[in-house]
Structures are given as C-alpha cells and as structure tokens.
Amino acid sequence: MSKKRFGVTDEMMEEFSDEIFSLGLNYQSRRGDSVRKQDHDEIEKQREGTGLTDDEIALKLELTMEQVRYIRIVLEHKRFDNTNYAKLYKLGSGKRYRVEREGAD
Amino acid sequence: MKQTVAEPDRSQTKESLFAYARKKGALAVGVADLAEIERIAPAGHRPSDLMPKVKSVISIGVGGQTQGAWGVTAKALTFFGSTESLAYKIAYGMAYYIENKFEVRSIYCPPDLDPELGARYPLQSLKLHAEIAGIGARSLAGDILLHPDYGYMYFGSVFTELELEPDKPMAENPCPAPSCVSMYESTGRTPCMKFCPAQCLDGEIDEDGNQTAMDYDMAKCAEMTQQYEVVPQIIAAAIAADNPKDRDDALFGGSNKALWYKMSVGSGGLLAQCFECMRVCPVATRSELADPIRRAKARRESSAGET
Chain V
1 MSKKRFGVTD
11 EMMEEFSDEI
21 FSLGLNYQSR
31 RGDSVRKQDH
41 DEIEKQREGT
51 GLTDDEIALK
61 LELTMEQVRY
71 IRIVLEHKRF
81 DNTNYAKLYK
91 LGSGKRYRVE
101 REGAD
Chain W
106 MKQTVAEPDR
116 SQTKESLFAY
126 ARKKGALAVG
136 VADLAEIERI
146 APAGHRPSDL
156 MPKVKSVISI
166 GVGGQTQGAW
176 GVTAKALTFF
186 GSTESLAYKI
196 AYGMAYYIEN
206 KFEVRSIYCP
216 PDLDPELGAR
226 YPLQSLKLHA
236 EIAGIGARSL
246 AGDILLHPDY
256 GYMYFGSVFT
266 ELELEPDKPM
276 AENPCPAPSC
286 VSMYESTGRT
296 PCMKFCPAQC
306 LDGEIDEDGN
316 QTAMDYDMAK
326 CAEMTQQYEV
336 VPQIIAAAIA
346 ADNPKDRDDA
356 LFGGSNKALW
366 YKMSVGSGGL
376 LAQCFECMRV
386 CPVATRSELA
396 DPIRRAKARR
406 ESSAGET
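Sequences listed follow chains V and W, in order.
Counted the way my numbering counts, the first sequence spans residues 1 to 105.
Counted the way my numbering counts, the second sequence spans residues 106 to 412.
Shown next, in the form of structure tokens:
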C-alpha cells in the first residue's frame, strides 16, 4: 500500500486523522436498542456513531475510499499501544482489574 | 424422464436444520430476516454481496467455556476461552447438510476479516445475523451479544438459497441484569465497565433498568484482544533497530517471543483474548443454562419432573 499512489499527503493525514479514526469502528456509540427493535429511523440516525465503512467516510469527507482506508489503517497501527496487553498477566483467579491500582505496581 | 426434486415443506425443513445444529452441539439456532440484514448492514457487507442468490441466513450459537474456566487466570483463559470453532464447525457442516439433503446451494459464512480493509472490518457481521435471528441481544459490554438462558455465546452463520421462515429478534434484552442496575444506581458503573482492564466501556441505564447508551472504545479493547495486530509492529521495530541488541529485544524480548509460538501452533491465543468483562457479567456466568454444570442440573431437574 503506497501513500503516494493513493494521493495521500502529510497535510491530509494531519487534517483527517482524528475524524477518520473515530468515524470507523474504533469508537462505537449506541443509543437505545434500535437494531433489536428494528427501529430503522434510529438505525439510520446512529450510523455515524456505530461506525462507518471506508466508503461512507470517504463520501462524508470528500476523499476517495483508498485514501480513507490508507489513513485509517496507518492510524490503527500507530495508535495501538502494545504495552497494555501485559495487564492481563496479573488478572484472573479471583484478581480483577482496578483502575485505582494502575501505576501502583 | 426428467426427475424433479419436490419443493420441501418450509417449517419441516427449518425444524430439520435446527435439529441438525442441536445434535452437533448448538444451544440456539435462528433464521434471520434477510431483508432486515440487507437493510441494516452497510454496502459491501450484506449477505447478497457475498452470495448473490442468498435467500436465508441461519445463525447458530454455541455455549461459552465451562463454569470452571471463569475462575482461572486471564493468562490461561487467553488460550482456551473462546469456543467459536465449534460454531464454525456446525455452520460448515450445515452447509453440506443442506446441499446433501435438500439439493439447494448453501455456504458456510466466513467469519473472517475483509482482506481489503485491514484488521478491523469483518466480511459480514455474524453479530447482526444472530441479533436479527433472535438468539442474542446487545450488551453494555461493547455490544457483545447475550442470551437470557445461555448467557455468552459464539456464533456461526450459514447462507443458503433455501427459503426459510425468519425468526424475530428477542422481545427483551437481558442486559443489564438487576444486580448491574443496582450497582449502576449506586456507583454509576456496571461490573463490565468497572473491571475492564482497558477501561473501554461506558454507558447509561434509565430508571426502568434499560440501556439508554453504550459507548465502546474498540481501539482500546483491541490492545487487549487482537494481539495479531502486534506482529507487524514487532517486525517493523526489528527492521528499524539500529543495533543487534534492540533488534533482539524487538523479536525475542519478553512476551513478544510468545507471539511466534502462538503463530506457529495456529493458536486462538492471538485473538479475542480478554474475557474480563464477561467474567464479571451475571448474564454470561450465571444464566440458567450458561455452562455445562447448569445445563446438566436443568436436564436432571426436568427429567425428575417428568417421572
């Protein structure tokens, strides 16, 4: 995948990063229970909150799908903190995560 | 003389498929309304995008781990907590069963990621299939589906050109459980929110005990559950290292080396590894038929009642 090939510039990365990252599946917000209740007006209203596809984001931001996909995938990689996983090693067998213990170990 | 296959009776056909799934180990089976899925799923991820002549979507749910599993270390649970392979196996078998018995085209719906879109978009949402088929409802725990009797399940889907009568979504959502509502009323959080090691869950419950908001930071959750995303990071760090020691650290340091083990044995320990929200969920762990011990007890009581 090449940045240049899809016409992605550094300025574009800067301008659209946060929006593309949050419009995808990375953050999901649901209000009520519209899919179970088959409330289609509500489903449509909440599409942005529940997560858009790259095509839908591209349409909204007036970019191409390939540009959105490139920026999103790079961000998902860059923002992935692989040190968090070690928290799991201390949990289970009666021990649960407590936010107040964070940094205490 | 040309031989024709008799049009199968729709309700008998459905019963036969459900019996097949249950015999193979499914706890819940449902037929999703195809038109609903086509309307709700985004373009490119609809059943007809995968199988143009699909007429029905069958969703199969299998139980989660044993009761004992909820008490083990998270480290161990990462390897065996998921039971999705049974759901996939039943779905795979059912596609063959339908073709063999009814001579109608069918497929096992791949549960995999869309290879064009990186690591976070599936080809199809098995969750949507199961919810519309009425065998799960969205929870406050990042929309993980829960069932009022079976708790936490894993799902597989079959697409077929057979026409089947669709089921309806659940009338009620089992999440939040009454004990979670009480905790929310006193602390503003439910157990899944409080004990999530990534702190990726938030939500609101109204005065009638119904979910009004669910907010899920999936990117944070992925740091605990999608360890396969670390593999290219490690390789990139090794390539970028400007000395042999840093390169060794990237490839072999600490838990990084375990990734090569997980990859080489094809371990499920590379994905869906964190169970901390479900470990504290009363629906997942204490529903009447949530685990083999509870199901055995229910069977025993039911047969005692019959005699």
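Cβ atoms here follow ideal geometry from the backbone N, Cα and C, with glycine treated the same way.
Taking 7 Å as the CB threshold, Thr-171/W stays off the interface with chain V.
When secondary structure is reduced to three states using DSSP, Met-298/W falls in the helix class. One Cα belongs to Leu-75/V, the other to Tyr-333/W, and the distance between them is close to 16 Å.
Under a criterion of Cβ atoms nearer than 8 Å, no residue of chain V is adjacent to Pro-387/W; the nearest Cβ is some 14 Å distant. Two segments are said to touch when three or more pairs of C-beta atoms, one from each, lie closer than 8 Å; by this definition the region 116-136 of chain W touches the region 254-266 of chain W. Under the three-state reduction of DSSP, Ala-276/W is assigned to coil, being neither helix nor strand. By the Cβ neighbour-count rule, Leu-59/V is exposed, with fewer than 16 other Cβ atoms within 10 Å of its own.
Within the same chain, Glu-381 and Cys-382 come within 7 Å of Cys-301/W by CB-CB distance, once the 5 residues on both sides are set aside.
When DSSP states are grouped into helix, strand and coil, Met-329/W belongs to the helix group. The alpha carbon of Ile-212/W has as its nearest neighbour, out of Gln-378/W, Ile-195/W and Glu-236/W, the alpha carbon of Ile-195/W. For the region 168-195 of chain W, residues whose beta-carbon sits nearer than 8 Å to a beta-carbon of chain V comprise Gly-176, Val-177, Thr-178, Ala-179, Lys-180, Ala-181, Leu-182 and Thr-183. Counting only Cβ-Cβ distances below 7 Å, Met-323/W has contacts in chain V at Leu-25, Asn-26, Tyr-27 and Gln-28, in chain order.
Residue nearest to Ser-161/W within the set Ile-142/W, Ala-181/W, Lys-206/W and Pro-147/W is Ile-142/W (criterion: CA-CA distance).
For the pair of segments examined, the region 152-160 of chain W was found to touch the region 266-273 of chain W: the number of CB pairs separated by less than 8 Å reaches three.
The three-state reading of DSSP puts Glu-66/V in helix, counting H, G and I together. One thing to note: Val-388/W has its Cβ no nearer than 7 Å to the Cβ of Gly-186/W.
Counting along the chain, the unbroken beta strand (DSSP E) around Asp-307/W starts and ends at 306-310.
Secondary structure at Phe-6/V: coil, using DSSP grouped into helix, strand and coil. For the pair Glu-290/W and Pro-296/W, the Cα-to-Cα distance works out to about 12 Å.
By the neighbour-count criterion, in which 16 or more other beta carbons inside 10 Å mark a residue as buried, Gly-92/V falls on the buried side.
Within the DSSP secondary-structure output, Lys-95/V pairs in a beta bridge with Gly-92/V.
Nearest to Val-286/W by C-alpha distance, out of Gly-168/W, Asp-311/W and Ala-342/W, is Asp-311/W. For a cut-off of 8 Å, the C-beta gap from Ala-324/W to Ala-342/W is around 20 Å, too long to register as a contact. At a cut-off of 7 Å, the C-beta of Gly-135/W has no neighbouring C-beta in chain V. In the three-state DSSP reduction, Asp-55/V falls in the helix class (H, G or I). A direct Cα-Cα distance of roughly 11 Å separates Gly-7/V from Met-65/V. A straight-line Cα-Cα distance of about 5 Å links Asp-254/W and Glu-393/W. Distance from Leu-222/W to Asp-55/V at the Cβ level is roughly 10 Å; contact not present, criterion being Cβ atoms closer than 8 Å. Below the 7 Å Cβ cutoff, chain V contributes Asp-54 and Arg-69 as neighbours of Leu-222/W, in chain order. In the DSSP assignment, Leu-250/W falls within the unbroken beta strand (DSSP E) covering 250-252.
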